[in-house]
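These notes are about the structure you will find just below.
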Amino acid sequence: MNEPSLLRLERIEKTFASLRALDGVSLEFRAGEIHAVLGENGAGKSTLMKIIYGAVQPDAGTITWRGEAGPIASPNEARARGIAMVFQHFALFESVTAVENVALALPERVPLRELARRIEEAATRYGLPVHPWQEVHHLSVGERQRVEIVRCLLQSPRLLIMDEPTSVLTPQAVDQLFETLRRLAAEGTAIIYVSHKLEEIRRLCHRATIIRQGRVVGEVDPQKETEGRLAELMIGRTFPQMQRRAKTEGAIALELAALATPPAGPFGTPLAGISLRVHAGEVLGIAGISGNGQAELLAALSGETRVDAQSIWLCGEPIGALSPGARRSRGLTLVPEERLGVGAVPEMSLRKNALLTAYGQRLVRRGVIDRGAVAAYADRCISGFDVRCGGPEAPAGSLSGGNLQKFIVGREIEQRPRVMILAQPTWGVDVAATALIRQRLIDLSAQGVAILVISEDLGEILEVCDRVAVIAGGRMSPARDVHETGAEEIGRWMAGGFGAGDAAPATEAERVA
Amino acid sequence: MIGFQLTRRARPSRAMQWLSPILAVALTLVVGLAVFAALGQAPARAFHAFFIEPVSDANGIAELLLKASPLCLIALGLAIGYRANVWNIGAEGQMYIGGAFATGLAITFQHDIGMALLPLMIIAGAIGGMAWAALTAFCRAQLKADEILVSLMLTYVANLVVKYLVYGPWQDPQANNFPLTVSFEDNALFPLLASLGWSWFDGTRLNLSIFLTLAAIPLAWFFVQRTFMGFKLEVGGLAPGAARYAGFSARGTVWVAMLIGGAAAGLAGVTEVAGPLGQLNDRWTPGYGFTAIIVAALGRLNPLGIPLAALLMALLYLGGEAAQITLQLPKAISLVFQGLLLMFLLGCEVLINFRVKRVARPAPAAAKT
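So the sequence lines, in the order shown, correspond to chains A and B.
Throughout the first sequence, residue numbering follows the numbering used here, covering 9 to 521 in sequence.
Throughout the second sequence, residue numbering follows the numbering used here, covering 183 to 551 in sequence.
Written out as structure tokens, the structure reads:
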């Protein structure tokens, strides 16, 4: 590839408070090239992308855009130059509709109706279903990401930054997105593709730069490297392998019997006739594109939404009408999708966050907190799950995504559950932490715990689960043994194509109507 | 070119959590003295008249404690609610009703039940404040009405309730139609400290109710720091999503937070009617319930910071009165100080999470943000 350099970064440095995020990074992006930036969480990728997007100013170093040196002072300036970005943590305004969010990012004023039409057009063309008139706060993580992607594509960018874009897509939609990206690249757009998914990078990218602890540690042709080699470069040591155990199937631990809920909010997905059995000692995965009822299912399972008592059974006892606390005391623990603000209170110390759900583990006596017991419990979570933090008094918000998730998973496992439910357990979690969490889940199931994983990451489901079912349009497919199915069939189910006749899920059009 | 920039700290500064209120007080003083100068007063003399004179004798200190005590009591209760994100603005009204409940007992039974009367009045006052706060709690938890508006508006209703009582059924028949109740007998009053042989307080109005406040401080601290209920309230305030996930009831949070605030305000009402007032009248609107909001904020919602903040606010009250007398300054000077303090307080809070950094601005292009 010998295209002229579109963007050149030289010796970029950036220090936050006490953290040296970037330490002399030099990089070059060329028009028409799909360039992977690879690194663990906290390696400095996000900071680097924010600098390119003008959202963060570097402390030192030069930026050269199309042969002209000078800073990118703001995201507005970046957009004016033709730089667009799909953020990992979405930069959408929650209280307004998708189309209004897109309008805010456009330099010119476009009538909303006209814009909505263009959004739907782009959405269909790129296979990213988006409903322009939905308010963003009703959208799930995956739906928000689709709004972001469409918003960027509408700006016809010269340089498109994609920060982990595929975790919410079906394999078919990923193929479609890759097709789109390749077409954009062929038209001369430079694409920066930030991801952990080594297999995708090998399939899609022309070049890969690996960043570790704020420094460039390698630049390779990903198509010539193995995934193991890429991972090794990224984490600086050998990639851990999953240890699978022989599967043993026990009694039914969790059963959903024709579970139905009303939709959560005007654009929510009602659940209808969901039946499922999770046995002791197995890991069951629920795949699906977000917004297909996962949020409603999770709320019904946790007890935040109460349902008909007889529609959820825990080890032979109907629990559908019980509160979250009552379910927890009966041995059901849950790791939510959102870590900060749901799974943990960001401002509170890890100790207090241990108390958040583990209060039933004799941490409270007659209404008074037993501080010694809380400290011991938090220490068990921290040391048992290799949580890297500034000690048990560190606020949860100061931990990286991976370390906080290890802490939360540890906190739930230490409660010795009979059934454990996890939503998106490794979303935004670095490779090493992901491997540890998945291994612990497999170990836990070997001890006879029933585990339900709701994930949009199909790779994850195929890696840790024994059986897989798919949720689409608020309905559940039959569960299949992972060895008897594959990405192709699951992908078809994700799009709603399972169980002819009455089990057929509602289509997107019917959902909106 | 040199500029200043706010950069987010890696974690909130512990030092600044204590320093920021102190800094706010210092800034208030500096600007306050400038205000005095602008009014043609010598700053040194004005400072002395405002802050030193009022507390230069036993009587002054007693008056300071007498004012600080209800402020502290109410603020402790409010702070527990504010930590849970329940914004009870109506402590003033809850205080009126607490005072009215206690008064009802006092004028009905003062010749019947002897020494048991005052303890019963204390309980009745707390119940009265809780009952009034319960109206707000019900509207917020069950009807999803905004507690700020409801509690604030109920304060004016409470004031009218008191007026109705003292103009109507509870009016002292010998009062020549003045809107006040009979004066309480001794068994309905907090004994003066002076009457208990504390000669240092001879001639002052300070009474035993101060011990209610002194007891409330460690209790509030224990509740916030050590009890599971306090923890649940705090989670509800910081991260409602986490509270739902953990299974802590949002309605329960509202009820507990409102009732604690109401009880504290009601108790403060008792300490007033059974203290310096000695009766209930229609002009009893000290504004303690509102000032306590500032006290709670100044004390950073911390049960150990609030007593200090209450002392400071009480000093501003007294200083304002003294400034009117000795310096002929308008009454509004107290409110100016309260306003300055609250403003600087909110401003200085930024320093807890951010640090000010001097930066050399590199190129003009970067300067336009």
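All C-beta atoms in this analysis are idealised placements derived from N, C-alpha and C, irrespective of residue type, glycine included.
Computed from a predicted model, the values in this text were never measured in an experiment.
Residues of chain A with CB under 9 Å from residue i, in chain order?
i	result
A532/B	Per the sequence presented here, residue 532/B reads as Val, with Ala not at that position. Those within 9 Å of V532/B in chain A number zero; the least Cβ separation is about 15 Å.
G385/B	Chain A residues near G385/B: none, gap ~44 Å exceeds 9 Å.
Using alpha carbons as the reference points, say which of the options lies closest to residue i.
i	options	result
D474/A	I199/A, D451/A, F506/A and M170/A	D451/A
V182/A	I157/A, G196/A, T313/A and A198/A	I157/A
Q153/A	L167/A, R117/A and E102/A	E102/A
G460/B	K345/B, A370/B and G412/B	A370/B
H146/A	L358/A, D489/A, D67/A and E304/A	E304/A
P486/A	G324/A, A295/A, R347/A and E464/A	A295/A
M170/A	V382/A, I42/A, E21/A and A194/A	I42/A
A428/B	M57/A, L241/A and G368/A	G368/A
E195/A	E187/A, A307/A and Y201/A	E187/A
A503/A	A440/A, L136/A, V110/A and G398/A	L136/A
W200/B	Y499/B, G521/B and L490/B	L490/B
N389/B	S381/B, A316/B, I330/B and A376/B	A376/B
L248/B	F410/B, V339/B and L374/B	L374/B
F413/B	W321/A, S453/A and A362/A	A362/A
M312/B	L347/B, G275/B and A327/B	G275/B
V438/B	T337/B, T290/B, R322/B and W466/B	R322/B
Which chain B residues are close to residue i, counting only those with a beta carbon under 8 Å from its beta carbon?
i	result
L123/A	Near L123/A there are no residues of chain B at all, since even the closest Cβ is about 28 Å away, more than 8 Å.
M93/A	Ordered by position in chain B, no residue passes the 8 Å Cβ test against M93/A, which lies about 18 Å from the chain.
Please list, in chain order, the chain A residues whose beta carbon lies closer than 7 Å to that of residue i.
i	result
V417/B	V353 and L364
G423/B	E346, G349 and V350
R426/B	E312
Less than 7 Å between C-beta atoms, sequence neighbours within five positions excluded: which residues of the same chain meet that for residue i?
i	result
I555/B	Since the first residue of chain B shown is 183 and the last is 551, residue 555/B is not available in this structure.
L527/A	Only positions 9 to 521 of chain A appear in this structure, which leaves residue 527/A out of reach.
L509/B	Q223, A228 and A231
D354/B	L362, T363 and V364
R388/A	E422
G419/B	R265, A266 and N267
Can you give me the Cβ contacts of residue i inside the same chain, cut-off strictly under 6 Å, excluding the 5 residues immediately before and after it?
i	result
T189/B	R537 and K539
G482/A	T277, P278, L279, A280 and G301
G52/A	A29, L30, I219 and G222
E227/A	T217
I429/A	L309, L342 and L460
Q318/A	P326
I469/A	G293, A295, S463 and V476
Determine the chain B residues that contact residue i at a beta-carbon separation under 7 Å, and present them in chain order.
i	result
R336/A	G429
I60/A	Per Cβ cutoff of 7 Å: no residues; I60/A is ~15 Å from chain B at best.
M428/A	Chain B residues near M428/A: none, gap ~14 Å exceeds 7 Å.
Y385/A	None at all; the shortest Cβ gap to chain B is about 14 Å.
Y367/A	F410
Go ahead and pull the three-state DSSP assignment for residue i.
i	result
A197/A	It is worth fixing the name first, because residue 197/A is Thr in this sequence and not Ala. Three-state result, T197/A: coil.
Q153/A	helix
E18/A	strand
T189/B	strand
I71/A	strand
G300/A	Correcting the residue identity first, residue 300/A is Asn in this sequence and not Gly. It is coil, neither helix nor strand.
A295/A	strand
A514/A	Per-residue confidence for A514/A stands at a pLDDT of 40, beneath the threshold of 50, marking its modelled position as unreliable; the derived number appears in the next sentence. Correct three-state label for A514/A: coil.
W141/A	coil
L114/A	coil
G379/B	coil
D489/A	strand
M356/A	coil
Can you find the residues in the same chain that come closer than 8 Å, C-beta to C-beta, to residue i, ignoring five residues on each side of it along the sequence?
i	result
L14/A	F37, R38, A39, W73, R74, R166, L167 and A198
I390/A	L358, C397, P400, F415 and G418
Closer than 9 Å by beta-carbon distance: list the chain B residues that pair up with residue i, in chain order.
i	result
I377/A	Q407, R408, T409, F410, G412 and F413
K360/A	F413, E416 and V417
V372/A	T409, F410 and F413
Does the ligand ADP have a heavy atom nearer than 7 Å to the CB of residue i?
i	result
L260/B	Of ligands this structure carries none, so the ligand ADP is not represented either.
| Using a Cβ cut-off of 7 Å, which residues of the region 338-350 of chain A contact any Cβ in chain B, in chain order? | P344, E346, G349 and V350
| field | Members of the region 390-413 of chain A that neighbour chain B once the beta carbon cut-off is set at 7 Å | value | P403 and S406
| task | Check each residue of the region 431-459 of chain B: if its Cβ is closer than 7 Å to any Cβ of chain A, include it; give the result in chain order. | result | none
| query | In chain order, what residues of the region 395-418 of chain B put their CB closer than 7 Å to some CB of chain A? | reply | R408, T409, F410, M411, F413 and V417
| message | What are the residues in the region 322-334 of chain A lying within 7 Å of chain B by C-beta distance? | response | S331, P332 and G333
| said: Residues of the region 156-171 of chain A in Cβ contact with chain B at a cutoff of 8 Å, in chain order, please. | reply: none
| task | Closer than 8 Å, Cβ to Cβ, to anything on chain B: give me those residues from the region 483-502 of chain A, in chain order. | result | none
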